[in-house]
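Number of protein chains: 2
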Amino acid sequence: MTTIEDFTSQYGLVQKIDAFGYMKYLTENPDAPCKHGKVVLVTADTPLKASRGEGKTTTTIALIDALNKRGIDAAAVLRQPSMGITAAGSKGGASGGGKASLTHPELIDWGLCGEMGAIEAAQNLLVSFAEKAIDEGKLDTILVPRVSEVPSRSLRSTAVDYGKGNVPEKVVLTPTCELMQIMVLSRSMDEISERVSKMIAGTKDGKAVTFGEFVDLWRITGILADAVKPAKTETVNGSPVYVHGGPFANVSIGIPTLVSVEMACALHDVVVVEAGYGTDAGAQKWLDIACREYGAQWPSAAIVVTRASTWRDDPELAWRYPFHVQRLENLDIPTFPLINLWEGEDDQVPSLQATADELGFRTPIVGNLFRDGGEALVPQLDGFVDALQNGSMPAEPHSHKGMALTENAKWVAENAYGVPAERVIYKPGFTESVSKAMELCQSAGISLDNLTFVAVKSPATMTDNDRAPEEERTVTLKKVEVHAGAGLVHVNLTTSLTTPMPKIV
Amino acid sequence: MTTIEDFTSQYGLVQKIDAFGYMKYLTENPDAPCKHGKVVLVTADTPLKASRGEGKTTTTIALIDALNKRGIDAAAVLRQPSMGITAAGSKGGASGGGKASLTHPELIDWGLCGEMGAIEAAQNLLVSFAEKAIDEGKLDTILVPRVSEVPSRSLRSTAVDYGKGNVPEKVVLTPTCELMQIMVLSRSMDEISERVSKMIAGTKDGKAVTFGEFVDLWRITGILADAVKPAKTETVNGSPVYVHGGPFANVSIGIPTLVSVEMACALHDVVVVEAGYGTDAGAQKWLDIACREYGAQWPSAAIVVTRASTWRDDPELAWRYPFHVQRLENLDIPTFPLINLWEGEDDQVPSLQATADELGFRTPIVGNLFRDGGEALVPQLDGFVDALQNGSMPAEPHSHKGMALTENAKWVAENAYGVPAERVIYKPGFTESVSKAMELCQSAGISLDNLTFVAVKSPATMTDNDRAPEEERTVTLKKVEVHAGAGLVHVNLTTSLTTPMPKIV
Chain A
4 MTTIEDFTSQ YGLVQKIDAF GYMKYLTENP DAPCKHGKVV LVTADTPLKA
54 SRGEGKTTTT IALIDALNKR GIDAAAVLRQ PSMGITAAGS KGGASGGGKA
104 SLTHPELIDW GLCGEMGAIE AAQNLLVSFA EKAIDEGKLD TILVPRVSEV
154 PSRSLRSTAV DYGKGNVPEK VVLTPTCELM QIMVLSRSMD EISERVSKMI
204 AGTKDGKAVT FGEFVDLWRI TGILADAVKP AKTETVNGSP VYVHGGPFAN
254 VSIGIPTLVS VEMACALHDV VVVEAGYGTD AGAQKWLDIA CREYGAQWPS
304 AAIVVTRAST WRDDPELAWR YPFHVQRLEN LDIPTFPLIN LWEGEDDQVP
354 SLQATADELG FRTPIVGNLF RDGGEALVPQ LDGFVDALQN GSMPAEPHSH
404 KGMALTENAK WVAENAYGVP AERVIYKPGF TESVSKAMEL CQSAGISLDN
454 LTFVAVKSPA TMTDNDRAPE EERTVTLKKV EVHAGAGLVH VNLTTSLTTP
504 MPKIV
Chain B
4 MTTIEDFTSQ YGLVQKIDAF GYMKYLTENP DAPCKHGKVV LVTADTPLKA
54 SRGEGKTTTT IALIDALNKR GIDAAAVLRQ PSMGITAAGS KGGASGGGKA
104 SLTHPELIDW GLCGEMGAIE AAQNLLVSFA EKAIDEGKLD TILVPRVSEV
154 PSRSLRSTAV DYGKGNVPEK VVLTPTCELM QIMVLSRSMD EISERVSKMI
204 AGTKDGKAVT FGEFVDLWRI TGILADAVKP AKTETVNGSP VYVHGGPFAN
254 VSIGIPTLVS VEMACALHDV VVVEAGYGTD AGAQKWLDIA CREYGAQWPS
304 AAIVVTRAST WRDDPELAWR YPFHVQRLEN LDIPTFPLIN LWEGEDDQVP
354 SLQATADELG FRTPIVGNLF RDGGEALVPQ LDGFVDALQN GSMPAEPHSH
404 KGMALTENAK WVAENAYGVP AERVIYKPGF TESVSKAMEL CQSAGISLDN
454 LTFVAVKSPA TMTDNDRAPE EERTVTLKKV EVHAGAGLVH VNLTTSLTTP
504 MPKIV
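If you read the protein sequences in the order shown, they are chains A and B.
Residue 488 in this note's numbering sits at position 485 of the first sequence, with consecutive numbering throughout.
Residue 54 in this note's numbering sits at position 51 of the second sequence, with consecutive numbering throughout.
What follows is the structure in structure tokens.
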């Protein structure tokens, strides 16, 4: 009998799985035994700053440990942290901590099996081929950026062929690039190949030229051969954890690869998908991008993590947490608040429970997950398990394909950030940026309104000023960037950086 | 009993070996069983152009297959090809061909296990830390380049912080960078760490500042944790092949990691090390850098590969092949000419043998190794095996440490390229470049003359014009670059590029 083991190979201390192959096998063998796991989203309050996590990964790990302890076959799917950021010391890794840890966090944090390096090489190779196309007269402007896994603020604005051509460029962080998005959204190597061929390399006489017009696609898929395989590791308690695909829900789509989630659903009854930074970033993107437009499974439950201090110590921002919980409940997703306590906060449990009660939340799950791991959760999960087991499989959400870009932006502002359409502001230049994107799409034979909307924003804010009174909050639309291969259109909002390339600090 | 298996783990279709750990184990357990294999160098005639190989890897693979067939335990150590160059289509892979192939050439050619990506990230992270040091006033000029695995001519001259600071930079090809050299030359992670700490990051008020002064070294070694492990694969006939370390004997040191060769010598009786491009590049560097200055084993025999056409079809360059063979014989290395035939050249064997005889060569080994693999070699190796088995272990060569840089350059020009000292020319600016390097070294507390000389040159030429008559050939010294961490000083010669960053073609 063919099993997942036939698609699995050891790769040092982790395993790599040929998920494309396994899912193809299941499609071709509809009678082969497989599970139909439900997706649970672990997301969070909007963080006070990007470098301060609420504990989503810690929660995810503790949650699957607790579910497994309760006899439920649960696994987690995590995004691969950006090694550049971790290695530079700008933030900690993203692999849990304390009793809610992975067996080999250092592998996850420090480059895993070279996936990011492969994507970096492949995207940079595309740029080199575009330069060659310029030399050959097939292209006059390049629109695809080079990438670097390592942050460096000075790379936000660069010039190549300096002293002669002085061609201005920018370098973006590898995990945020279009090729990473393509890997995240594709369900086969053929789809990757097709999407790369549709990537707009640049323009010739103002008209879009795609990579399919001049690149041998096998060169790119050759580089990605191992990178497309999810890694499998486990928690210190033996719960399975899959790691695959890029982070950065602020400046990109910030979700794990769809194939890794679907594979996990075929293997386990509950699949916990981590979606951060906050609900306004990772969860919004899972729901409105992955589920609405790319056929991912609508979550059967959600957990919204916060720290006691994030929730309550800054009164001006205290509206955000209940807003997130309410938004998910309104989408018919049973949503459980989870407060991840830090050392010395145990005495706050009664008051936190009282606040949750006042706000009309479900009974909150509270624990020091770093200290106590899944043990802290086991007795608190009755309601959660009940919602999961007795809820019906969710219906397919409505697609926004065909909705005008600005309408889509307004819809997201209203639904995900609480700002009504009339307070969505166009920054000078935005309308021109939309027109330009529209022309570019037309010249490539696609419609801008059929691309999926990706909000590019700061992880720590939803509006131009989250501290303003509700009726004064605005969202400013700044500029537009087309990722035709991935099928996405990025719109920069509010205080977003125009180039996703952090400074090391 | 502890064996190499205890240091080996599966990594997809190849294995990775903790060579540092195994060699440490052998040092600490002098009675543990191990072999004392002899090193054989497979090198080549100077190629007519860089993209046209003579067939060194094909020969290396056929040779170990033939030796194993003769009952001799032989393994090969190959350098990891540069994926960027291969994927860009600028040259074929470097993993043999036809019957002289590896089981999984695609792995070797397409990024192996992410080693190059890790080195790229680590070297680029060093540059980012140097930028941070500038912000903090610890540094005012950066001397370490960023790297890219993917070739792109426009990266030879770049500017970062463009539009504001306009800081000129260059980007070099990852496999040629100082961090790759450090990995190639180091025998432990501690040595890597120490060498990185001695790398000159840049200057402050004209004085050298090293990375040890401001970087947490564990961040760099963390990234390199898997990259330092040699990969093990095999030929289609089952002979063991280790792959580790960067190529590019033209612009860098172009040798596999010393630890991979030493590990192979502890495991096998004969270890074939591929050293290319030609004898003037790879072999010169194995002998004069690895053996003379870094304690590598002097070869017990050498094979110099050529193609019939390279050797004889260009009369002006026909002096090079016998020059190489003679140079190695003069160094007491039994040297066997090997002519790698292509389709349709079988009838040339008698005339090739006659030419070899005229030139006073040992009996040449001749075969179509792509078509026939090791089978073609088995009956021709009596003399080679005899030289290997009956030769004594070679003596340690003399170090050139303390020899003035220019004397060293003249010594190499005379011995490796056949150009006497009086025809070594200083290009305008060279003397100033030496003085500057000397001052830089002094300010770092090291002596320029204790660094090991690395010739940076075109792979296809040894002199300013190899076609000139012997008595008119010159070598021009152009400029100097210090790699204090690796312990090397690069000197650009003749027609070398000043930045190792090819254009894709």
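In this text, a Cβ means the ideal position worked out from N, Cα and C, and glycines have one as well.
Any beta carbon from chain A within less than 8 Å of residue i's own beta carbon?
i               : result
I507 of chain B : yes
K135 of chain B : yes
S131 of chain B : yes
D229 of chain B : yes
C116 of chain B : yes
P171 of chain B : yes
A286 of chain B : no
L182 of chain B : no
E139 of chain B : no
A22 of chain B  : no
L128 of chain B : yes
Are the C-beta of residue i and some C-beta of chain B separated by less than 8 Å?
i               : result
S98 of chain A  : no
E152 of chain A : yes
S104 of chain A : no
S263 of chain A : no
A234 of chain A : no
G421 of chain A : no
S402 of chain A : no
G248 of chain A : no
A463 of chain A : no
Considering only residues of the same chain and omitting the five flanking positions on each side of residue i, which have a CB-CB separation below 6 Å?
i               : result
H493 of chain A : V457, V459, E484
P178 of chain B : S85, G249, P250, F251
A412 of chain B : L480, V494
S255 of chain A : T179
I think residue i touches residue j, with their Cβ atoms under 8 Å apart; what is that distance to the nearest whole Å?
i               : j               : result
D375 of chain A : K102 of chain A : 6 Å
L261 of chain B : V187 of chain B : 7 Å
G370 of chain B : L362 of chain B : Not confirmed; about 19 Å, so no contact.
E277 of chain B : V45 of chain B  : 5 Å
I535 of chain A : L443 of chain A : Limits of chain A in this structure are 4 at one end and 508 at the other, which puts residue 535 of chain A out of reach.
Buried or exposed, going by whether 16 or more other CB atoms sit within 10 Å of the CB of residue i?
i               : result
K59 of chain A  : buried
D34 of chain A  : exposed
K167 of chain B : exposed
Q134 of chain A : Checking the sequence shown, residue 134 of chain A turns out to be Glu, not Gln. Buried, by the Cβ-count rule.
E123 of chain B : buried
E152 of chain A : buried
D143 of chain A : exposed
P353 of chain A : exposed
N253 of chain A : buried
D283 of chain A : buried
K210 of chain A : exposed
Within its chain, find whatever has a CB closer than 8 Å to the CB of residue i; leave out the 5 residues flanking it on each side and keep chain order.
i               : result
P367 of chain B : F339, P340, L341, I342, L355, Q356, A359
E237 of chain A : L105, T106, P243, V244
E473 of chain A : W322, G421
The ligand PLP and residue i: does any heavy atom of the ligand fall closer than 7 Å to the residue's C-beta?
i               : result
P340 of chain B : The ligand PLP is absent from the structure shown, which contains no ligands of any kind.
Can you list, in chain order, the residues of its chain with a C-beta nearer than 7 Å to that of residue i? Leave out the 5 residues immediately preceding and following it.
i               : result
E118 of chain B : Q83, A230
F433 of chain A : L480, K481, K482
V163 of chain A : V170, E172
P154 of chain B : G87, I88, A91, S93, L176, M504, P505, K506, I507
A22 of chain A  : K232, P233, V262, S263, M266
D452 of chain B : G405, M406, A407, L408
**Request:** Closer than 9 Å, Cβ to Cβ, to anything on chain A: give me those residues from the stretch 157 to 168 of chain B, in chain order.
**Result:** S157, L158, R159, S160, T161, A162, V163, D164, Y165, G166, K167, G168
**the stretch 57 to 90 of chain B: positions lying closer than 7 Å to chain A by Cβ** = M86, G87, A90
**Prompt:** Residues in the stretch 5 to 18 of chain A with C-beta within 8 Å of chain B's C-beta atoms, listed in sequence order?
**Reply:** S12, Q13, Y14, G15, L16
**Prompt:** In chain order, what residues of the stretch 195 to 225 of chain A put their CB closer than 9 Å to some CB of chain B?
**Reply:** D219, R222, I223, G225
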